[in-house]
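All residue numbers for the sequence shown refer to the working numbering, where the first residue is 19 and numbers rise by one.
Have a look at the structure below, then the notes.
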Amino acid sequence: MRTIPHYINGATVSSTGELPVFNPATGEIDARVPVATSALVDETVALARGAWESWRSSSLSQRTNILFSLRHLLVQRTDELAVLITREHGKTIADAKGEIARGLENVEYACGLTDHLKGDFSSQVADGVDVHSFRESLGLVAAITPFNFPIMVPLWMAATALATGNVVILKPSERDPSVSVRLGELLAEAGLPAGVFNVLQGNAATVTQLLEHPGVDAVSFVGSTPVARHVYQVATQHEKRVQALGGAKNHMVVLPDADLDVAADAAINAGFGAAGERCMAISVVVAVGDIADELVDRIAQRVDRLTVGPGDDPASDFGPVITEEHRRRVLSYVTTPDPGVVVVRDGSAMSTASGFFVGACLLDHVTPGTRTYDDEIFGPVLSVTRVANFAAAVALINANPYGNGTAIFTRDGNAARLFSRQVSVGMIGVNVPIPVPVSSYSFGGWKSSLFGHSHMYGPEGIAFYSRAKVVTTRWPLASESQIDLGFPRTR
Ligand code: NAD
Numbered sequence: 019m020r021t022i023p024h025y026i027n028g029a030t031v032s033s034t035g036e037l038p039v040f041n042p043a044t045g046e047i048d049a050r051v052p053v054a055t056s057a058l059v060d061e062t063v064a065l066a067r068g069a070w071e072s073w074r075s076s077s078l079s080q081r082t083n084i085l086f087s088l089r090h091l092l093v094q095r096t097d098e099l100a101v102l103i104t105r106e107h108g109k110t111i112a113d114a115k116g117e118i119a120r121g122l123e124n125v126e127y128a129c130g131l132t133d134h135l136k137g138d139f140s141s142q143v144a145d146g147v148d149v150h151s152f153r154e155s156l157g158l159v160a161a162i163t164p165f166n167f168p169i170m171v172p173l174w175m176a177a178t179a180l181a182t183g184n185v186v187i188l189k190p191s192e193r194d195p196s197v198s199v200r201l202g203e204l205l206a207e208a209g210l211p212a213g214v215f216n217v218l219q220g221n222a223a224t225v226t227q228l229l230e231h232p233g234v235d236a237v238s239f240v241g242s243t244p245v246a247r248h249v250y251q252v253a254t255q256h257e258k259r260v261q262a263l264g265g266a267k268n269h270m271v272v273l274p275d276a277d278l279d280v281a282a283d284a285a286i287n288a289g290f291g292a293a294g295e296r297c298m299a300i301s302v303v304v305a306v307g308d309i310a311d312e313l314v315d316r317i318a319q320r321v322d323r324l325t326v327g328p329g330d331d332p333a334s335d336f337g338p339v340i341t342e343e344h345r346r347r348v349l350s351y352v353t354t355p356d357p358g359v360v361v362v363r364d365g366s367a368m369s370t371a372s373g374f375f376v377g378a379c380l381l382d383h384v385t386p387g388t389r390t391y392d393d394e395i396f397g398p399v400l401s402v403t404r405v406a407n408f409a410a411a412v413a414l415i416n417a418n419p420y421g422n423g424t425a426i427f428t429r430d431g432n433a434a435r436l437f438s439r440q441v442s443v444g445m446i447g448v449n450v451p452i453p454v455p456v457s458s459y460s461f462g463g464w465k466s467s468l469f470g471h472s473h474m475y476g477p478e479g480i481a482f483y484s485r486a487k488v489v490t491t492r493w494p495l496a497s498e499s500q501i502d503l504g505f506p507r508t509r
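See the structure below:
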């Protein structure tokens, strides 16, 4: 049986595998992953801090060269990485490649660090006085990531944190941890000095030790809302800088003037891609006005054409969910539907002799206050909620505790503009169902989808992983020197 190592100080470190890592397509245990001992966490924090002493002073061109090389290696090794992701996560190879490509964007953005880290200069703010500012790294960043994007989310964090001169300890999801180790190896191949990027395998206990560790300066977390809230509370109590991105319940509003075929295609893509295990997946289609019957019918026809199967089978549209426990939970929304919910398509009938498969499910007449509406299902279950008008659609979204992503489908520019301005959501798509911002913007939700104020990657990522110094300078002549106990004035 494969045992997945840690990656510490530029080398893999083997240890006894404790936790099972499944191949979700077969349902078999495919590997085991260790849980870092408390002593190993301490040791890794100490050596990473040691590595920071030189990395923080590395030249911007040295860092840029490494990131350029990493970009090249990620492109070159995409096929190999995608196979590894599919094996432990279950998503299709095409989807794994898509995730790598979106992670790559963050490396490309980080390659522009000479520009991102430019300071300001003001000449003659007072007589003979100039001011300049520059940004410095924070130190050691603990990066804690979820199972659903095992390389993209680590790249959101690592590319930006390393570019800004920090050292990183990544604690990947214990469900699909292999690709993080490959990322460590590729960074080393790209020229990153040993100890600057490390991977500690583990579970909640490992995370807690990092959150409380005096050697950790900042915490970047992505995962479910209850854990994000907990991470934010514990890490801020320990005086870390924290950004903790949580779960989601994303609504896709379809106005009566929308092209219903375009909207139905989008609902299928965003609802069932990656088996619905995306934080930006559409989980609720909000049908406005009298189009609901027609829209549900068109979505149902498309559901019938979907193929669910192993991620490495090119015929599969989506693969299994992550665990057997999760499969059962997802199916429970369909096998015991909430009162009033109409099961239009029931994916539970799909054979489950092996693998954690759930067929595509479509539920109509889903209303707030039910389990189906209120929970983040995180599976291939698409709900339809019917509302009378535009204002009711906006009110529905704003009453939801999550605020990660949302989309509107319409041909009416004014309605789309109003929607963008009125919803309390961080990322909005206009006729775009999965509006993940490109890397030159930042990614993040509102409300219970984000704890802390900083979104991830892009300009907010640069700001999060660095802090400013402002230097006020004067070169006085000896003849000008005098004693003056007054508060410094500019005029
Ligand atoms: P999770 O919260 O279970 O785990 C995330 C990480 O936290 C893992 O590394 C895990 O080991 C660790 N962890 C789990 N329980 C912990 C605890 N009690 N204390 C400390 N650490 C703990 O999330 P998941 O199931 O791996 O991922 C799916 C969730 O992530 C979904 O809710 C999804 O919406 C969310 N997500 C959000 C975004 C976003 O950008 N907002 C992106 C991807 C995923």
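The beta-carbon is built from N, C-alpha and C at its ideal position, and this holds for glycine as well.
All values reported here derive from a predicted model rather than from experimental measurement.
Quiz item: Could you give the C-beta distance for G479 and T178, rounded to a whole number, given that I count them as a contact under 8 Å?
Solution: For the purposes of this step, residue 479 is identified with residue 461 of the sequence shown, where counting begins at 1. For the purposes of this step, residue 178 is identified with residue 160 of the sequence shown, where counting begins at 1. Correct: roughly 4 Å between the Cβ atoms.
Quiz item: Hey, is F40 close to the ligand NAD, as in C-beta under 8 Å from one of its heavy atoms?
Solution: As a first step, residue 40 must be located in the sequence shown, where it is residue number 22. Proximity of the beta carbon of F40 to the ligand NAD is not indicated: no heavy atom of the ligand is located closer than 8 Å.
Self-check item: Residue span of the alpha helix (DSSP H) that contains R435, given as start and end
Solution: Numbered from its first residue, the sequence shown carries residue 435 at position 417. Run containing R435: 431-440, per the alpha helix (DSSP H) assignment.
Exercise. Pick helix, strand or coil for K115, following the three-state DSSP scheme.
Key: Position 97 of the sequence shown, counted from the first residue, corresponds to residue 115. K115: helix per DSSP, three-state reduction.
Quiz prompt | Distance cut-off 8 Å: F396 Cβ against heavy atoms of the ligand NAD | solution = In the sequence shown, residue 396 corresponds to position 378, counting from 1. True, at least one ligand heavy atom lies under 8 Å from that Cβ.
Quiz item: Less than 9 Å separating the beta-carbons of G329 and G121?
Solution: In the sequence shown, the residue the question calls residue 329 occupies position 311. In the sequence shown, the residue the question calls residue 121 occupies position 103. Contact: no.
Quiz item: CA-CA distance, N83 and R193?
Solution: In the sequence shown, residue 83 corresponds to position 65, counting from 1. In the sequence shown, residue 193 corresponds to position 175, counting from 1. Approximately 32 Å, taken between the alpha carbons.
Quiz item: What is the DSSP secondary structure of F482, counted as helix, strand or coil?
Solution: Along the sequence shown, one-based indexing puts residue 482 at 464. Here F482 carries a helix assignment [DSSP, helix/strand/coil].
Quiz item: Exposed or buried, G68, counting other C-beta atoms within 10 Å across all chains shown (16 or more means buried)?
Solution: As a first step, residue 68 must be located in the sequence shown, where it is residue number 50. Residue environment: G68 is assigned as exposed (fewer than 16 neighbouring CB atoms within 10 Å of its CB, all protein chains considered).
Quiz prompt | Stretch pair the stretch 427-434 + the stretch 453-471: three plus CB contacts closer than 8 Å | solution = Three or more Cβ pairs closer than 8 Å define a contact, and the stretch 427-434 falls short of that threshold against the stretch 453-471.
Quiz item: Out of curiosity, what's the CA-to-CA distance linking S366 and L278?
Solution: Reading the sequence shown from its first residue, position 348 is the one you call residue 366. Reading the sequence shown from its first residue, position 260 is the one you call residue 278. Those two C-alpha atoms are separated by around 27 Å.
Exercise. Please classify P164: does DSSP put it in a helix, a strand, or coil?
Key: One-based indexing of the sequence shown puts residue 164 at position 146. Residue state for P164 is assigned as coil, using DSSP reduced to three classes.
Practice problem: Taking T30 as part of the beta strand (DSSP E), name the residues at either end of that continuous run. | Solution: Sequence index remark: in the sequence shown, residue 30 carries index 12 (1-based). Per DSSP, the unbroken beta strand (DSSP E) holding T30 starts and ends at 29-31.
Practice problem: Go through its chain and collect everything with a Cβ distance to E230's Cβ below 6 Å, but skip five positions before and after it. | Solution: Counting from 1 along the sequence shown, the entry for residue 230 is found at position 212. Within the same chain, and ignoring the five residues on either side of E230 in sequence, the residues whose Cβ sits closer than 6 Å to its Cβ are H256.
Quiz item: Between which two residues does the alpha helix (DSSP H) containing E106 stretch?
Solution: For this step, residue 106 is matched to residue 88 along the sequence shown. Looking at the DSSP string, the run of the alpha helix (DSSP H) that includes E106 is 96-107.
Quiz item: Residues in its own chain within less than 7 Å of R363 by CB, not counting five upstream and five downstream?
Solution: Your numbering for residue 363 matches position 345 in the sequence shown. Hits under 7 Å: A318, V321, A378, C379, L380.
Quiz prompt | Secondary structure of D322, DSSP reduced to three states | solution = What you label residue 322 is simply residue 304 of the sequence shown in a count that begins at 1. It is coil, neither helix nor strand.
Quiz item: Taking Cβ positions, are V360 and D382 nearer each other than 9 Å?
Solution: By 1-based counting over the sequence shown, the position of residue 360 is 342. By 1-based counting over the sequence shown, the position of residue 382 is 364. Yes, these two residues count as a Cβ contact at 9 Å.
Quiz prompt | Own chain, CB closer than 8 Å to R81, minus 5 neighbours either side, in chain order | solution = For the purposes of this step, residue 81 is taken as the residue at position 63 of the sequence shown. Excluding positions up to five away in sequence, the list reads L131, L180, A181, G183.
Quiz item: Say the cut is 8 Å; is the CB of V348 nearer than that to a heavy atom of the ligand NAD?
Solution: The residue you call residue 348 lines up with position 330 of the sequence shown. No; taking the cut-off as 8 Å, the Cβ of V348 has no heavy atom of the ligand NAD nearer than that.
Quiz item: Helix, strand or coil for F375 per DSSP?
Solution: Within the sequence shown, residue 375 is the residue found at index 357, counting from 1. Coil, per DSSP.
Exercise. With a threshold of 8 Å, establish whether the CB of S467 neighbours any heavy atom of the ligand NAD.
Key: What you label residue 467 is simply residue 449 of the sequence shown in a count that begins at 1. Yes - the ligand NAD has a heavy atom lying nearer than 8 Å to the Cβ of S467.
Practice problem: With DSSP as the reference, label N83 as helix, strand or coil. | Solution: Along the sequence shown, one-based indexing puts residue 83 at 65. If DSSP states are grouped into helix, strand and coil, N83 belongs with the helices.
Quiz prompt | Collapsed DSSP secondary structure at L401 in the structure displayed | solution = Numbered from its first residue, the sequence shown carries residue 401 at position 383. Reading off the sequence, residue 401 comes out as Ser, not Leu. Reduced to three states, the DSSP call for S401 is strand.
Self-check item: Classification of T491 by the beta-carbon crowding that lies within 10 angstroms, buried from 16 upward
Solution: Within the sequence shown, the letter at position 473 stands for residue 491. Answer is exposed; the Cβ neighbour count stays below 16.
Exercise. Leaving aside the five residues before and after V306 along the sequence, list all residues of the same chain whose C-beta is less than 8 Å from its C-beta, in chain order.
Key: Reading the sequence shown from its first residue, position 288 is the one you call residue 306. Once the five neighbours on either side are set aside, the close Cβ partners of V306 are V271, V272, L273, P274, V405, A406, N407, F408, A410, A411.
Quiz item: Any idea which residues DSSP pairs T182 with across the strands?
Solution: The sequence position of residue 182 within the sequence shown is 164, counting from 1. T182 is not bridged to any residue.
Exercise. Give me the Cα-Cα distance between V51 and R346, rounded to the nearest whole angstrom.
Key: In the sequence shown, residue 51 corresponds to position 33, counting from 1. In the sequence shown, residue 346 corresponds to position 328, counting from 1. Rounded to the nearest whole angstrom, the CA to CA distance from V51 to R346 is 24 Å.
Quiz item: Between the beta-carbon of V448 and the beta-carbon of I415, is there less than 9 Å?
Solution: Within the sequence shown, residue 448 is the residue found at index 430, counting from 1. Within the sequence shown, residue 415 is the residue found at index 397, counting from 1. No, the Cβ-Cβ distance between V448 and I415 is not below 9 Å.
Self-check item: Near the ligand NAD: M175 beta-carbon under 8 Å from a heavy atom
Solution: Locating residue 175 in the sequence shown gives position 157, where the first residue counts as 1. Checking every heavy atom of the ligand NAD against the Cβ of M175, none is found closer than 8 Å.
Quiz item: Quick one: what does DSSP say V339 is sitting in, helix, strand or coil?
Solution: The sequence position of residue 339 within the sequence shown is 321, counting from 1. Reduced to three states, the DSSP call for V339 is coil.
Quiz item: How big is the Cα-Cα spacing for V159 and S484?
Solution: Stepping through the sequence shown from its first residue, residue 159 is reached at position 141. Stepping through the sequence shown from its first residue, residue 484 is reached at position 466. Looking at the two C-alpha atoms, the distance is approximately 11 Å.
Quiz item: Mapping DSSP to helix, strand and coil, what is Q251?
Solution: Here the question's residue 251 lines up with position 233 in the sequence shown. Looking at Q251 - three-state DSSP - the assignment turns out to be helix.
Quiz item: Would you say V303 and A281 are within 9 Å of each other, going by their C-beta atoms?
Solution: Your numbering for residue 303 matches position 285 in the sequence shown. Your numbering for residue 281 matches position 263 in the sequence shown. The Cβ-Cβ distance between V303 and A281 falls below 9 Å.
Quiz item: the ligand NAD heavy atoms versus the CB of V245: any closer than 8 Å?
Solution: As a first step, residue 245 must be located in the sequence shown, where it is residue number 227. In this structure, V245 has its CB closer than 8 Å to one or more heavy atoms of the ligand NAD.
Quiz item: Does DSSP put P477 in a helix, a strand or coil?
Solution: Translated into the one-based positions of the sequence shown, residue 477 becomes position 459. Looking at P477 - three-state DSSP - the assignment turns out to be helix.
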